[in-house]
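Residue numbers (the numbering used here), protein chains in the order written: chain A, 3 to 564; chain B, 1168 to 1415; chain C, -10 to 181.
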Amino acid sequence: MSQDHTHNHGDHHQQTFLEKYIFPVDHKRIAAQYLTTGMFMGLLGGFFAYVFRSQQAHPGHEVPLYGLVNANQYNALTTSHGTLMIFWFAMPVLVAAFGNFLIPLMIGADDMVFPRINRLSYQIFFLSTVILIASFFAPGGAFGGGWTAYPPLSSTAQFSTTPWGSTMWIVAVGLEFVAFLLGGINFIVTLMNARAPGMRMYDIPIVLWTIVIASILFMASVGPLLAGAIMLIFDQTMHIGFYDPQKGGDPVLWQHLFWFFGHPEVYVVLLPAMGIVAEIITVFSRKKLFGYRTVLFTMFGTGVLSFVVWAHHQFIAGIDPRMSNLFTVTTILISIPVTEMCFVYIATLYKGSIELTTAMLFALSFLAAFLMGGVTGIFLGASGADTYLHDTYFVIAHFHYTFVPIAILAGLAGMYFWYPKMYGRMMNETLGKIHFWGTFIPFNCIFIPLFYTGAAGDQRRVYNYENFPHTATDLHYLRQFATASVIVMLLFQIPFLYNYFVSMFKGKIAGKNPWQSNTLEWVAESPPPHGNFSEFPNVYRPPYEYSVPGRDKDFWPQNEPT
Amino acid sequence: MMEHVITEASSYAAQIDHLIDLIFIIVGVWFLAAEGLLFYFIIHYRRKKQPQAGYVTGERLHHTKWIHRAHYGVILCDVFILYFAVLAWHHVKQELPEPETTIRIVGEQWAWKFTDPGLDNELDTADDVVTVDELHLMVNTVYNFKLEAKDVVHSFSVPVFRLKQDAIPGRVITGWFLPTKVGEYDIQCTQMCGLGHGIMGAKLIVETKEQHRAWLRQQHGGSQASVPNTNDIQNVSQNKPNGLFAKK
Amino acid sequence: MSFQRPMATERSATGISTCKLGVYWVIGSEIVIFGGLLAAYVMFRLAHGSWAHESAHTNVVAGGTNTLVLLTSSLFAVLAHQAAERKDTESAFKFLWCTIGGALTFLLIKSFEWGGEIHHGLTIHKSLFWAFYYTAAGIHAAHVICGAIIMAIIAADVKKHKDLQRVEAIGLYWHFVDIVWIFLFPLLYIAK
């Protein structure tokens, strides 16, 4: 019998609108704030992709709903697309929204341990969002130096022609980093300390491990870049010269600071995605996760190794070529723990009883697509091959085959899976399946052609391939096909948005545990009230005891006494 | 296989292509096997056919040995790929064969300036030929190049050579190539360098030695504007190797 | 509209208080930030022998005095923690304000130091060494200011017998600010 009591809400005044929706301290509301902002920015980033791909497909033609795209705008659009998608869509949705929503619920707590710092983290994030969007309207235009922002282009207005845009961009990114540092501290301490009685290390659901380890990875890698960002802002505003060779500085310093963060960052988003997928494939195959400890230790291994691979982004950047040999070895080797995680997930399906709900379809498609992303990484991690493929569309296709499964396929899987808990109603499965196929098929149609055009010589960030008359001239139809697929994929998000908003009011009532899952969030009401649990649960077993022989039910909730 | 996607026009293009082909085959096999297994499980264990799931902890050797075997297989393939990757890298980026000719390449916003040493085969002399956005090279000749950037980071890329090298302001980076096929090709800038990044292409003309000498003679006989000011050349080459991680 | 602390904050599966755990992670993230900045500085320093000439002009007396000031202020932070443990809120409040006094002294000495240097043309633009000098010491000073403000807020709560566990937490943070200075001082001032 739990010793904890909920605080008595009987004598609380009704929360005002401001308290409840604008300045909440409740983790579920903060999660909703991150989710809403993240989804909005994701759609904006998708719109930018539509615009610049349309320019590529029909150079010089007006793009419907936008207008003419000149060279400067093209650079700003591609830069903003990357920046938005990574920092304002993938991270807020996968780490902040799911982390905030799930952690207290899945450990059987009533909230995060620092609710006001939680609120502060969203407020700083919101501020960063406002600054970034404002930069689009700044004099000179939005920053267009690539999301990688290499100086001297990014540090010198004379070269970038975007003095305001450049500084607002880096300030927004820096603030976003601070917001996620604060949020991360909350996640880590909450998981470490506020677990339900009986929840030992190996009883923690994998998705919580992944979100917290991602937060630790983020924290350990972003520090140098935050320092580097301050140096960049000083270069931009005071012409100091940290990155200016004429003043004794070094442009390559930024590259090292950036990629030392940039590489662990991809695991910061990969890990939560894999966590979400683990929760879903166990529930919908009614099977224990294959090798929980293997998953955990390969996750640790990947995290640690991710700190020693960064210069594979810089093989031909002017670093000592001997260093490149070291980094190609570490980069190829990191494929090992990641592959192992994929194999273990596939093994979880073995002897399963698989129900293909929309959430499961998205989760499985993550595995199928991420495998493609992973193997194409080998081409780029091998230095001898990267010397050709670097900065081509092959790279773009590779990282979209990792990022899209991470942010979109796994993110959507999580949305469909936890929607009943968030809103108390079920989403429409038919619309869900239409959304799934309309997302997954066009996604492949966009990027498979781009592997080929990249290998044929298409370089990145080029607004008009007609300027390169000898390269891949007969492949223009592939570029156009990819662009058409972008439009199709964007249009198929409409059934999802419709489903999402209408089901909140018209969906079938979900009940507490519609998926018959073991983890603690399904013990609470749907949606959970402020404080989450009327009686705080204790934990008696690990999270994936499905289809245990000798039991009549094929699931065994963590909180059910033995 | 890669040679069907894009022409091989340098002495090391084939080695890089073979590396890419090798990786393609190895990862292709693993990819198809993994996807095959994934789809097989999805279909074979679907709810209609398997109403009751098994209880597999994934901690017994009976099951984990399959993961271990796959694991060791991946490591083996990784080592194999690494060997050929390092070999190719070493050949292209670490070796620097004795050149028959050395040229200078300067990237700036937004053009490529090439300096051919001229008939005396020496850079920074009166007979150097400076061209903008057009590079003339002799086939079957070992070239060294000295790559510089005037303002921001650019990147010199010749896809048909399979060559790419970033140009960093404040540094002179040396590399090499050996053109093997006569023809006209694209040079591209492959590092975001601002507004004109997308128009920073250049024409590469690989020609025979005779054609090249004829072209050089024509440059001097023709417009005086193409004869460079010696002072300009000296100023450009003042850039010393700098920075923390300078490549010598 | 009072904020009610959730039950989660009181739990402690690790045995360490939530408050302390939080501060440890804050310190962890700050270590990486300063670590990155200082690593960049050290690499530049090793590559540029001429910086030794520049750093000869730093004011070692001011820097050394400030080191003593910070160490003393850390001592007061420890005394404040001990007082809080005994529930002696009067003394804890006094000692916290002594620590803040140390912070103010540090900032005062620094403003005279920098005023003098700027007056002599040793500004942030003078050379990359001075750029690093002002950036690193400046970011450190910003942490001193924020730490002092937070400490004052905690002191006010302590006087009302509220949240005494935070005295230890802010003390830990203060020791970290101190340790950063212990690294900065030799790197910026002494290394010639």
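Don't be surprised by glycine CBs; every beta carbon is placed ideally from N, CA and C.
Contacts that residue i makes with chain A (C-beta to C-beta distance below 7 Å)
i                : result
E1114 of chain B : Since the first residue shown for chain B is 1168 and the last is 1415, residue 1114 of chain B is missing from the structure and cannot be characterised.
A(-3) of chain C : P106, A111, D112, D113, M114, V115, T192 and A196
Where residue i falls, given that 16 or more other Cβ within 10 Å makes a residue buried
i                : result
G1389 of chain B : Note that G1389 of chain B has pLDDT 46, beneath the 50 cutoff, so the model's placement of it is unreliable and no number is given.
K1331 of chain B : buried
G1368 of chain B : buried
N534 of chain A  : buried
P422 of chain A  : buried
Y1207 of chain B : exposed
K1280 of chain B : buried
T(-2) of chain C : buried
A415 of chain A  : buried
W439 of chain A  : exposed
Y162 of chain C  : buried
V105 of chain C  : This sequence places Gly at residue 105 of chain C; Val is not what is there. So G105 of chain C counts as exposed.
P559 of chain A  : buried
D1333 of chain B : buried
T239 of chain A  : exposed
Proximal chain A residues relative to residue i, where beta-carbon distance stays under 8 Å
i                : result
H37 of chain C   : G250
R1300 of chain B : Position check: residue 1300 of chain B holds Asp in this sequence, whereas Arg was assumed. In chain order: nothing, as chain A lies at least about 11 Å away.
Y1212 of chain B : S287, L351, Y352, K353, G354, S355 and I356
T1357 of chain B : H392, D393, T394, Q461 and R462
T1231 of chain B : G293 and T296
V1172 of chain B : Y454, A457 and A458
R1329 of chain B : T389 and Y390
Close beta carbons around residue i, own chain, < 7 Å, minus the five adjacent residues each side
i                : result
Q518 of chain A  : F557
S1393 of chain B : Residue placement at S1393 of chain B is poorly supported in this model, since its pLDDT is 43, which falls under 50; the coordinates still yield a value, given next. Here the set comprises V1296, V1297 and Q1386.
I242 of chain A  : F236
T212 of chain A  : L273, P274, M276, G277 and M301
V12 of chain C   : A158, L161 and Y162
Interface partners of residue i on chain A, CB under 9 Å
i                : result
K1260 of chain B : F317, I318, P323, S326, S385, G386 and T389
I1272 of chain B : The premise fails here: I1272 of chain B is roughly 14 Å from chain A at the closest Cβ pair, so nothing lies under 9 Å.
I159 of chain C  : In chain order: nothing, as chain A lies at least about 15 Å away.
T124 of chain C  : A229, I232, M233, F236, I242 and F244
I113 of chain C  : F236, M240 and I242
Neighbour list for residue i in chain C, Cβ cutoff strictly below 8 Å
i               : result
P226 of chain A : V21, I22, G24, G25, L26, A28 and A29
L219 of chain A : Chain C residues near L219 of chain A: none, gap ~11 Å exceeds 8 Å.
R31 of chain A  : Neighbours of R31 of chain A on chain C: none; closest Cβ ~14 Å, over 8 Å.
8 Å Cβ shell around residue i - same chain, five flanking residues per side excluded
i               : result
A174 of chain A : S130, T131, I133, L134 and S137
F128 of chain A : Q35 and T39
V166 of chain C : L59, H129, H132, V133 and G136
Chain B residues whose Cβ lies nearer than 7 Å to that of residue i
i               : result
H478 of chain A : Near H478 of chain A there are no residues of chain B at all, since even the closest Cβ is about 15 Å away, more than 7 Å.
Interface partners of residue i on chain B, CB under 8 Å
i               : result
G47 of chain A  : Within 8 Å Cβ-Cβ: nothing; G47 of chain A doesn't reach chain B, min ~18 Å.
P551 of chain A : Y1222
C344 of chain A : A1201
K290 of chain A : Y1222, V1223, T1224 and G1225
Close beta carbons around residue i, own chain, < 6 Å, minus the five adjacent residues each side
i               : result
I334 of chain A : G383
G84 of chain A  : W149
I143 of chain C : R155 and I159
M428 of chain A : P422, G509, K510 and A512
W316 of chain A : Reading off the sequence shown, one finds Gln at residue 316 of chain A, where the question assumed Trp. Cβ within range, chain order: Q257.
Interfacial residues, the stretch 2 to 17 of chain C to chain A, with Cβ spacing under 7 Å: Residues A2, T3, T7, L10, G11, W14, V15 and G17.
Near-chain C residues of the stretch 180 to 192 of chain A (beta-carbon distance less than 7 Å), N- to C-terminal order: L183, I187, I190, V191 and T192
Selection of the stretch 231 to 248 of chain A by Cβ proximity to chain C, strictly under 8 Å: I232, M233, F236, M240, H241, I242, G243 and F244
Interfacial residues, the stretch 155 to 169 of chain A to chain B, with Cβ spacing under 7 Å: L155, F161, S162 and T163
Within the stretch 220 to 292 of chain A, ranges of the alpha helix (DSSP H) (whole runs, at least 4 residues): 253 to 287
Interface positions of the stretch 19 to 43 of chain A facing chain C (Cβ-Cβ less than 8 Å), listed along the chain: E21 and V27
Alpha helix (DSSP H) runs contained entirely in the stretch 150 to 218 of chain A, provided each spans 4 or more residues: Runs found: 159 to 162 and 165 to 195.
Segments assigned alpha helix (DSSP H), at least 4 residues, entirely inside the stretch 26 to 83 of chain A: 29 to 59
Those runs of the beta strand (DSSP E) which lie wholly inside the stretch 316 to 343 of chain A and span at least 3 residues: Whole beta strand (DSSP E) segments, 3+ residues: zero.
Members of the stretch 127 to 145 of chain C that neighbour chain A once the beta carbon cut-off is set at 8 Å: I128
4-residue-minimum alpha helix (DSSP H) runs that sit fully inside the stretch 105 to 148 of chain A, ordered along the chain: 117 to 137
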